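Participant: Using the numbering used here, you'd call the opening residue of the sequence shown number 5 and step up by one each time. Before anything else, here's the structure in question.
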Amino acid sequence: MQLGKYIRVSIKRRNRQKMITICYAFAVVIAFVLSLANNNEVVASVSPNETTNFLLIEKEIANHIDVPESIYPEDTAENIRQLFTMVNDLVSQKKEDREITVKNGDTLISILSGLGLDRNKANNLFYDIKEYYDPRNLRVGQKLKANVTIQNQTGKIVRLNRFVIEPVVGQKIVAILNEQNQYDVTDQKQELIKEVNSAQGEISGPLSVSMQNQGVPNRVVHNFISIFSYGVDFNRDIRKGDKFEIIYENYIDSDGKVVKSGDVLYAALILRKDKIALYRFKDKNGRVDYYNEKGMALKKTLDKKPLAMRNARISSPFGKRFHPILRRHKIHWGVDYAAPRGTPIFAGGDGVVQVAKYNGSYGNYIKIRHNSEFSTAYGHIQRFAKGIRPGVRVKQGDVIAYVGSTGRSTGPHLHYEVIQNGRRVNPRTIRASTGENLSGTNLANFKKVVSGLHASYQNMFAQKQTKQMAKK
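Dropping the structure here:
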């Protein structure tokens, strides 16, 4: 009897030691896999063969769990099987970075749902993000970033780990899944460093190409051309051998990478013997414009063709015509410019938006008041540019809308009108001067700005010339 009791105790001890050893090894494996799964930089994934090996180990452990219930709970084997199922899930998944492009009809809720969140979690995250960012500002074509966990075999998203919206350069709204399976949302603003750059060069072909060859960013080139486009005829006035000078701002991040371009502070064109030099200045009322060295504004006239497509043809001139839809002769109170759908439309001059809505036969319609004498109107628009609404102040050359064919129209084009003292006039022949010269305190402050810029650009240009001579 004692021998039998001794044998039973020995078996129990031997099984207990075996179980402890297996569980210890199993715990090490679990800890290692979990460390991989929780590491943002390491992807926890294995091959199908390795997954099969885990299943074999699970089977081996289950086969050895045959000790009496008095020593081990009856659900021990089931618990271990569940743990191995969890491990198998972890090692058969991987993390993946994704970029989401906002499409027409997308909402923040639909995007989050598409990234694997159920309705409740999507709603909760929506409201957390809304504290820092208005989801209505999502625009078609905007890029969003996400990090997700997917099943290797099916490609199905099982978890959203990180979600990022970048409303503007230097700002990120970041949502990160925490250990409590909730999202921590933060507004991360990166401090950008403003630097001042300069460039000068000889014009040997198109002005834009000559400037780009000197390292001037595209957006700055566009701004430079816009500054002069209402006082210089680029097709007739500029010739090979003419020169340009520019001082402009850039914004760089902590890594020294240029993330956006700032304002043009000084712009000059040297056309044969004549030099047109303009300086940026903000007056005491907050208005920004460009002036010559004496504080006189470059007299701007309303743009006769306020389109990004500068060679757009006139499809219907101002005056009496045979209407293509009404099939009768009728006065045409504007000029029609044929252009592809979606072509940017510019503000014809500085002013305030008075109307931005659907307006009968005009379709989508904008009216801008420039001063007490002149207004401009734009018809058959496809859509308005972001932020365009009544009361908004715009600058000449700002994008206000995009070419369409809404209202009474036979094809995509811009219907452009100029209204003088309440009467519509021919946009092709009117010369409507805008812009005011500086005086008093504004003029005194402007001269200080000019003096500082003179010293700056002379030093910068001198340094560049020295470097160029050294290279030669």
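Cβ atoms here follow ideal geometry from the backbone N, Cα and C, with glycine treated the same way. Predicted model only: the values in this text are computed from it and were never measured.
Could you tell me which residues DSSP pairs with S265 in its beta bridges?
Facilitator: Looking up residue 265 in the sequence shown gives position 261. Paired residue(s): N254.
Participant: If you compare alpha carbons, which of W337, N156 and D241 is closest to R427?
Facilitator: Taking the first residue of the sequence shown as 1, we reach residue 427 at position 423. The candidate whose alpha carbon is nearest that of R427 is W337.
Participant: State the Cα-Cα distance for the pair E377 and I392, rounded to the nearest angstrom.
Facilitator: Here residue 377 refers to the residue found at position 373 of the sequence shown. Here residue 392 refers to the residue found at position 388 of the sequence shown. If I take the Cα positions, the gap works out to 22 Å.
Participant: Select from N289, Y283, F238 and V236 the residue whose C-alpha is nearest the C-alpha of I250.
Facilitator: Walking along the sequence shown from the start, residue 250 turns up at place 246. Of N289, Y283, F238 and V236, the smallest CA-CA separation from I250 is found for Y283.
Participant: Do F450 and G355 have their C-beta atoms within less than 9 Å of each other?
Facilitator: Numbered from its first residue, the sequence shown carries residue 450 at position 446. Numbered from its first residue, the sequence shown carries residue 355 at position 351. Going by C-beta atoms, F450 is not nearer than 9 Å to G355.
Participant: Over what stretch of residues does the beta strand (DSSP E) that includes G383 continue unbroken?
Facilitator: Taking the sequence shown and counting its residues from 1, one reaches residue 383 at position 379. Note, G383: beta strand (DSSP E), F378 to F388.
Participant: Which full runs of the alpha helix (DSSP H) of 4+ residues lie inside the segment 161 to 240, going along the chain?
Facilitator: 211 to 217 and 222 to 232
Participant: In the structure shown, what three-state DSSP assignment does K308 receive?
Facilitator: By one-based count along the sequence shown, residue 308 stands at place 304. Correct three-state label for K308: coil.
Participant: With 16 as the cutoff for other CB atoms within 10 Å, does V454 come out buried or exposed?
Facilitator: As a first step, residue 454 must be located in the sequence shown, where it is residue number 450. Answer is buried; the Cβ neighbour count reaches 16.
Participant: Is the beta carbon of Y270 sitting closer than 9 Å to the one on Y136?
Facilitator: As a working mapping, residue 270 is identified with position 266 in the sequence shown. As a working mapping, residue 136 is identified with position 132 in the sequence shown. No, these two residues do not count as a Cβ contact at 9 Å.
Participant: Might you give, ordered along the chain, the residues of its own chain that have their beta carbon closer than 7 Å to the beta carbon of K288, omitting 5 neighbours on each side?
Facilitator: Reading the sequence shown from its first residue, position 284 is the one you call residue 288. Cβ within range, chain order: T445 and N446.
Participant: Measuring alpha carbon to alpha carbon, tell me which residue in L273, D293 and I161 is nearest D267.
Facilitator: For the purposes of this step, residue 267 is identified with residue 263 of the sequence shown, where counting begins at 1. Ranking L273, D293 and I161 by Cα distance to D267 puts D293 first.
Participant: Identify, in the order they occur along the chain, each residue of the same chain with its Cβ nearer than 7 Å to the Cβ of N108, setting aside the five sequence neighbours on each side.
Facilitator: Residue 108 sits at position 104 when you count from the first residue of the sequence shown. If we look at N108 and ignore the five residues flanking it on each side, its Cβ neighbours are V144.
Participant: Report the CB separation of K198 from Y255 in whole angstroms; it is logged as a contact under 8 Å.
Facilitator: In the sequence shown, residue 198 corresponds to position 194, counting from 1. In the sequence shown, residue 255 corresponds to position 251, counting from 1. K198 to Y255, Cβ: 6 Å. Contact.
Participant: Can you give me the Cβ contacts of V262 inside the same chain, cut-off strictly under 8 Å, excluding the 5 residues immediately before and after it?
Facilitator: For the purposes of this step, residue 262 is identified with residue 258 of the sequence shown, where counting begins at 1. Excluding positions up to five away in sequence, the list reads P221, N254, Y255 and I256.
Participant: For V178, which residues in the same chain have their Cβ closer than 6 Å to its Cβ, ignoring the five residues on either side in sequence?
Facilitator: Translated into the one-based positions of the sequence shown, residue 178 becomes position 174. Taking V178 as the centre and dropping the five residues before and after it, the same chain places the C-beta of V168, T190 and Q192 closer than 6 Å to its C-beta, in chain order.
Participant: Could you tell me whether the Cβ atoms of L306 and I349 are closer together than 9 Å?
Facilitator: Your numbering for residue 306 matches position 302 in the sequence shown. Your numbering for residue 349 matches position 345 in the sequence shown. Contact flag unset, no.
Participant: Could you give the residue range of the beta strand (DSSP E) that holds N124?
Facilitator: For the purposes of this step, residue 124 is taken as the residue at position 120 of the sequence shown. Counting along the chain, N124 falls outside any beta strand (DSSP E), though it belongs to the alpha helix (DSSP H) covering R123 to K134.
Participant: What is the rounded straight-line gap between the Cα of K452 and the Cα of A281?
Facilitator: Sequence index remark: in the sequence shown, residue 452 carries index 448 (1-based). Sequence index remark: in the sequence shown, residue 281 carries index 277 (1-based). For K452 and A281, the distance between alpha carbons rounds to 16 Å.
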